[in-house]
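Asker:
There are 2 protein chains.
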Amino acid sequence: MRRDDPDTFQLPDTVTLPAQARTVIAALEPLLTEQRRARIEQVIAARSSAVVAVLDGLIDPHNVSAVLRSADAFGVLDVHLIDRPEPFLAAPRISQGADRWVSVVTHNSVEACVRALRARGHRIFVAAVDGVLGPEALAREPAPAIVFGNEHAGVSAELRALADGTYAIPMRGFVQSLNVSVAAAITLHAAMQGRPGNLDAQATEELRARYCLLSVPQAEAIVAEYLRRQQR
Amino acid sequence: MRRDDPDTFQLPDTVTLPAQARTVIAALEPLLTEQRRARIEQVIAARSSAVVAVLDGLIDPHNVSAVLRSADAFGVLDVHLIDRPEPFLAAPRISQGADRWVSVVTHNSVEACVRALRARGHRIFVAAVDGVLGPEALAREPAPAIVFGNEHAGVSAELRALADGTYAIPMRGFVQSLNVSVAAAITLHAAMQGRPGNLDAQATEELRARYCLLSVPQAEAIVAEYLRRQQR
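If you read the sequences in order, they're chains A and B.
Residue 46 is where the first sequence starts when you use the working numbering, and the numbers rise one by one after that.
Residue 46 is where the second sequence starts when you use the working numbering, and the numbers rise one by one after that.
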């Protein structure tokens, strides 16, 4: 997909809540259908912060969107992006809205990204032709941050040097590589096997507030009005 | 990807050998480098006819090519196509030549495809929202033919009615479906887990002949010349 396609859009960081999570929920949750509320609770209960996807310089908006869609589908809470000179673009037809449901965290350097991941207890795994771990082995890592690299250059040398380990999807045909969106889907699917949701009460409440915000039209205005009434 | 993109091409059926397999090999194998010969043997030894991919009316050339690439990567020997009014198109940038390394078999009706698969001992599994088997369970099926359906309409009603079972990739996010190329990659990867190559002597020889034919420039002329010399 071309980056100048009019359908692409710049991927925003995760929305900031306009008020405390409990206030946002109190204002918006009563406006949801019972079905929608149940769906939100079901997704939150299955979300895990243990596995993180890291996108290191992906260029094709199709691929960025496809990785976000896989992350959402398999219960990955956070996707981290490492900024390159070009902003990350996504393709709505491919992401199917997944860019809203996954928490996107942007870092302006490899080093900042690695520091943030380590502070949260993650070990960092990069794809490599002679990668040590198969996708199934990543399911046994307590908290893997799995890096998907640029379509042409792969993972940056800087990130490779800082990684804790390597992984590879075993291949047995003539083709030497998989498309990055396909590789990411297989890897995230495998890495999430057997992992239940793991969010604590605070993370659950924040995510509930965000999903309420994303589920109600003109949610910010409604929250502002709710706050005004409370202050009377 | 648009079907009128000048980069697409119509997917041909697998090449017919211009002579007996042993003749093709005798004429061409001496022209291969040692490295190429070793690669061909390695790929053939890992090929399995147990798992078959069936494409039922896929439209996007990107998706067709991506499925072929996954089939090659994970050792799937045969991909079956069910003809629709539109011919199957593939996208060379995505398939990376995989369309040549995988055996493509086209059927002009659902019924003909099902008959051919059953005659080879396959059981047929179609994707369904409430599918019974997960991808890992397909690895325990002796000879699953796994159907990937049209991007919009899914698997045709006719094929669903004839299938032996259903499968689904468990999802736990908001997005309700995966892109078909991603779903196919996860499913074929899982279904091929733990399956070694299984080709008998005859199938091995035919595949060796085909791969020789595809590895040597102007192979058909060389084989013709070889035959002429033999007949002198």
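Every residue, glycine too, gets a C-beta built ideally from N, C-alpha and C.
Residues of chain B with CB closer than 8 Å to the CB of Gly142 of chain A, please, in chain order.
Answerer: Phe219, Val220
Asker: Restricting to Cα atoms, I'd like to know which of B:Ser226, B:Ala202, B:Leu207 is closest to Leu162 of chain B.
Answerer: B:Leu207
Asker: Give me the residue from A:Pro180, A:Pro63, A:Pro106, A:Ser222 with the minimum Cα distance to Ala116 of chain B.
Answerer: The residue with the shortest Cα to Cα distance from Ala116 of chain B is A:Ser222.
Asker: Who are the near neighbours of Ala188 of chain A in its chain, counting only those whose CB is closer than 7 Å to its CB and skipping five residues on each side?
Answerer: Ala95, Gly166, His167, Arg168
Asker: For Phe219 of chain B and Pro180 of chain B, I'd like the C-alpha separation in whole angstroms.
Answerer: Cα to Cα, Phe219 of chain B sits roughly 20 Å from Pro180 of chain B.
Asker: Let's see if you can read the secondary structure: which residues bound the alpha helix (DSSP H) around Ile85 of chain A?
Answerer: 79–91
Asker: Using the beta-carbon count (16 or more within 10 Å), is Asn153 of chain B buried or exposed?
Answerer: Around the beta-carbon of Asn153 of chain B, fewer than 16 other beta-carbon atoms lie within 10 Å, marking it exposed.
Asker: Determine, using beta carbons only, whether Asp123 of chain A and Val97 of chain A come nearer to each other than 9 Å.
Answerer: Yes, Cβ-Cβ distance for Asp123 of chain A and Val97 of chain A is below 9 Å.
Asker: I need the DSSP call for Met46 of chain B, collapsed to helix, strand or coil.
Answerer: Per-residue confidence for Met46 of chain B stands at a pLDDT of 46, beneath the threshold of 50, marking its modelled position as unreliable; no derived number is given.
Asker: Beta strand (DSSP E) containing Ile214 of chain B: first to last residue?
Answerer: Looking at the DSSP string, Ile214 of chain B is not in any beta strand (DSSP E), and its letter there is neither H nor E.
Asker: My guess is that Gly120 of chain A and Arg217 of chain B are in contact by the Cβ rule of under 8 Å, so how many angstroms apart are they, rounded?
Answerer: That pair is a contact at about 4 Å.
Asker: Taking C-alpha atoms, which residue in B:Leu113, B:Ala228, B:Ala236 lies nearest to Ala182 of chain B?
Answerer: B:Ala236
Asker: Our contact map puts Ala64 of chain A next to Val261 of chain A with C-beta atoms below 8 Å; I'd like the distance itself, whole angstroms only.
Answerer: The Cβ separation is near 14 Å, so there is no contact.
Asker: If Asn224 of chain A and Ala111 of chain B are in contact, beta carbons under 8 Å, what's the gap, nearest whole angstrom?
Answerer: Between Asn224 of chain A and Ala111 of chain B a beta carbon distance of about 6 Å is seen, short of the 8 Å cut, so the two are scored as contacting.
Asker: I want to see whether chain A comes within less than 9 Å of Ala83 of chain B, judged by CB atoms only; does it?
Answerer: no
Asker: Looking at the secondary structure, which residues open and close the alpha helix (DSSP H) in which Arg205 of chain A lies?
Answerer: 202–207
Asker: Asn108 of chain B by DSSP, collapsed to three states: which one?
Answerer: helix
Asker: Here's the rule I'm using: 16 or more other beta-carbon atoms within 10 Å means buried, otherwise exposed. How should Pro106 of chain B be labelled?
Answerer: Pro106 of chain B is buried by the Cβ-count criterion.
Asker: Would you call Val177 of chain A buried or exposed, if buried means 16 or more other Cβ atoms sit within 10 Å of its Cβ?
Answerer: Taking all protein chains in view, the Cβ of Val177 of chain A is surrounded by fewer than 16 other Cβ atoms within 10 Å, so the residue is classified as exposed.
Asker: Taking just the CA atoms, how far does Ile191 of chain B sit from Ala172 of chain A?
Answerer: 28 Å
Asker: What distance in whole Å lies between the Cβ atoms of Gly102 of chain A and Gly194 of chain A, which are believed to be in contact at a cut-off of 8 Å?
Answerer: 7 Å
Asker: Strictly by DSSP, which residues pair up with Phe219 of chain B?
Answerer: According to DSSP, Phe219 of chain B bridges with nothing at all.
Asker: With which residues is Asn195 of chain A paired in a DSSP beta bridge?
Answerer: A:Gly199
Asker: Can you tell me which of the three DSSP states Asp101 of chain B falls into?
Answerer: strand
Asker: I'd like to know whether the C-beta atoms of Ile70 of chain A and Arg253 of chain A end up nearer to each other than 9 Å.
Answerer: yes
Asker: Does the Cβ-Cβ distance between Ala170 of chain A and Glu196 of chain A come in under 9 Å?
Answerer: Going by the sequence as given, residue 170 of chain A is Phe instead of Ala. No, the Cβ-Cβ distance between Phe170 of chain A and Glu196 of chain A is not below 9 Å.
Asker: Out of A:Val60, A:Thr61, A:Arg84, A:Thr68, which has the shortest C-alpha to C-alpha gap to Gln276 of chain A?
Answerer: A:Thr68
Asker: When the cut-off is 9 Å and only beta carbons count, does Asn195 of chain A lie next to chain B?
Answerer: no
Asker: Distance, Cα to Cα, Asp175 of chain B vs Ala198 of chain B?
Answerer: 16 Å
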